[in-house]
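In what follows, a structure is listed as structure tokens, so that the remarks can point back to it.
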Amino acid sequence: MNEDLEHSFVTQLEANQNIVHKICRLYTNSRDAHNDLFQEITIQLWRAFPKFRGDAKFSTWMYRVALNTAITLYRKSKRQIQTQDYEKISFKISSEDYDDTIEEQLKLMYSAVKDLNDIDKALVFLYLEDKNYREISETLGITEVNARVKMNRIKEKLRKVLNP
Amino acid sequence: MDQLEVLKKEWQKREQELPKLSYAAIYSMLLKKSSSIVKWIFFIGIAEMLFWIAILFFIPDSQHKILVEMGLHKISIYVNLVHYVVVAIFIFYFYKNYKRIRVTDTIGELMANILRTRKTVRYFVYYNIGMFVLSTIAVNLFFYFNMHHLYEVVDLGEQALSEEKFQTYFIITQLIVGLAFLGLLMLFYWLIYGTLLKRLNRNYKELKKIEA
Numbered sequence: 001m002n003e004d005l006e007h008s009f010v011t012q013l014e015a016n017q018n019i020v021h022k023i024c025r026l027y028t029n030s031r032d033a034h035n036d037l038f039q040e041i042t043i044q045l046w047r048a049f050p051k052f053r054g055d056a057k058f059s060t061w062m063y064r065v066a067l068n069t070a071i072t073l074y075r076k077s078k079r080q081i082q083t084q085d086y087e088k089i090s091f092k093i094s095s096e097d098y099d100d101t102i103e104e105q106l107k108l109m110y111s112a113v114k115d116l117n118d119i120d121k122a123l124v125f126l127y128l129e130d131k132n133y134r135e136i137s138e139t140l141g142i143t144e145v146n147a148r149v150k151m152n153r154i155k156e157k158l159r160k161v162l163n164p
Numbered sequence: 001m002d003q004l005e006v007l008k009k010e011w012q013k014r015e016q017e018l019p020k021l022s023y024a025a026i027y028s029m030l031l032k033k034s035s036s037i038v039k040w041i042f043f044i045g046i047a048e049m050l051f052w053i054a055i056l057f058f059i060p061d062s063q064h065k066i067l068v069e070m071g072l073h074k075i076s077i078y079v080n081l082v083h084y085v086v087v088a089i090f091i092f093y094f095y096k097n098y099k100r101i102r103v104t105d106t107i108g109e110l111m112a113n114i115l116r117t118r119k120t121v122r123y124f125v126y127y128n129i130g131m132f133v134l135s136t137i138a139v140n141l142f143f144y145f146n147m148h149h150l151y152e153v154v155d156l157g158e159q160a161l162s163e164e165k166f167q168t169y170f171i172i173t174q175l176i177v178g179l180a181f182l183g184l185l186m187l188f189y190w191l192i193y194g195t196l197l198k199r200l201n202r203n204y205k206e207l208k209k210i211e212a
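In order, the protein sequences belong to chains R and U. All letters in the first sequence, in the order written, are residues 1 to 164 by the UniProt record's numbering. All letters in the second sequence, in the order written, are residues 1 to 212 by the UniProt record's numbering.
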């Protein structure tokens, strides 16, 4: 029984691991911290897994537990060195369709998102993941209207950072 | 076009650049230990309770003798009894709060639950500090008004002190030790809970701001 559960969990997490990696990338600044957070999220997911009833999609359930861990449970390591290189590697140009200005803008945009506070970042993350406002509000525990208002404010904030 | 929209498109395009962990790598993580904040709050809370209980066992015999001879023995037993009951109630609430914390709650609920746990811890801290201050003041007032008796009871050993000097020394020592202990206590709580929950508090405030 336990082995079945383990197998089912690891298989589903393996298939959906991108979600966790993206959160780790947004909430940490070094490879070590990334791995650390990934591990903590995995542990929290595994703990909560017996209660996962399958009435929601595994990935939907994952968003909540993973973000909860990143925002509230994770003890940020003190050795947090601001390594910008790590981000730059992750956001190097991958296609030729983009000219330099767009790429530059993207980089700025990405680092502006990373500079947001934990909660704003969670909102932006869910937005980037193409979640609608209902899903965003459910994950965070705020109303849909508030999520919308907040998102507009964040967009405004980001616009100001990019076009001062 | 909206800049965030551009980022969104790019965000989804770049999934393949993310690291890819194997089944075995993920599996091995299940066996690792969590280091979450909640766990630390809980452990520190338990350790704290044990500390207070342990301290009661380390009261030196000479102190005990003084209590008996000053006629404070009975009342100190009653006070301790009440103290244990209060501690037991705290442990119960503490455990209840801890059990309530579920990682599958919404972020808002989860944070509220963690902060509620912290509140219980905080009341426990207030209680302990209050109890310490009150009992120290009460005992010392009692000693002060029965100074002559105390002078006779306390075994000064080789040192011969006049009663007047003894009184001065006694009051000064009690004051310094009491304040130093209080300071240490507050520093300890400030360090432990202050640093552990700083970020959580900040995030909770952010979330509250959205709701307001």
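Even glycine gets a Cβ: it sits at the ideal position worked out from N, Cα and C. Values in this document were obtained by computation on a predicted structure and should not be read as measured data.
Asked, Found
"Whose C-alpha, out of U:Ser34, U:Ser22, U:Val6 and U:Tyr204, is nearest the C-alpha of Gln12 (chain R)?", "U:Ser22"
"Pick helix, strand or coil for Ser30 (chain R), following the three-state DSSP scheme.", "coil"
"Please classify Ser90 (chain R): does DSSP put it in a helix, a strand, or coil?", "Caution is warranted here: a pLDDT of 49 is assigned to Ser90 (chain R), below 50, making its placement in the model unreliable, and the coordinate value is therefore given only provisionally. Ser90 (chain R): helix per DSSP, three-state reduction."
"Can you check which of these residues, R:His7, R:Tyr74, R:Val113 and R:Phe52, is closest to Leu4 (chain U) by C-alpha distance?", "R:Val113"
"Along chain U, in chain order, which residues have C-beta atoms closer than 7 Å to that of Tyr110 (chain R)?", "Leu7"
"Report the option in R:Leu67, R:Arg31 and R:Val10 whose CA atom is closest to the CA atom of Val20 (chain R).", "R:Leu67"
"Grouping DSSP H, G and I as helix and E and B as strand, with all else coil, what is Phe43 (chain U)?", "helix"
"Mind listing which residues of the segment 104-133 of chain U have their C-beta closer than 8 Å to chain R's C-betas, in chain order?", "Thr104, Asp105, Thr106, Ile107, Gly108, Glu109, Leu110, Met111 and Ile114"
"What does a CB cutoff of less than 7 Å around Asn132 (chain R) pick up in its chain, not counting 5 residues either side in sequence?", "none"
"Closer than 7 Å by C-beta to Glu144 (chain R): which residues in its own chain qualify, once you throw out the five before and the five after it? Chain order, please.", "Tyr133, Arg134 and Ser137"
"So, is Arg122 (chain U) buried or exposed, given that buried needs 16 or more other C-beta atoms within 10 angstroms?", "exposed"
"Does Glu69 (chain U) come within less than 7 Å of chain C when only Cβ atoms are used?", "Here chain C cannot be found, since the structure's protein chains are R and U."
"What is the DSSP secondary structure of Lys20 (chain U), reduced to helix, strand or coil?", "coil"
"Between R:Arg159, R:Gln44 and R:Ser59, which has its C-alpha nearest Gln105 (chain R)'s C-alpha?", "R:Arg159"
"Just verifying my parser: in three-state terms, what is the DSSP assignment at Asn146 (chain U)?", "coil"
"If the cut is a Cβ gap below 7 Å, which residues of chain R does Lys32 (chain U) touch?", "Gln39 and Ile43"
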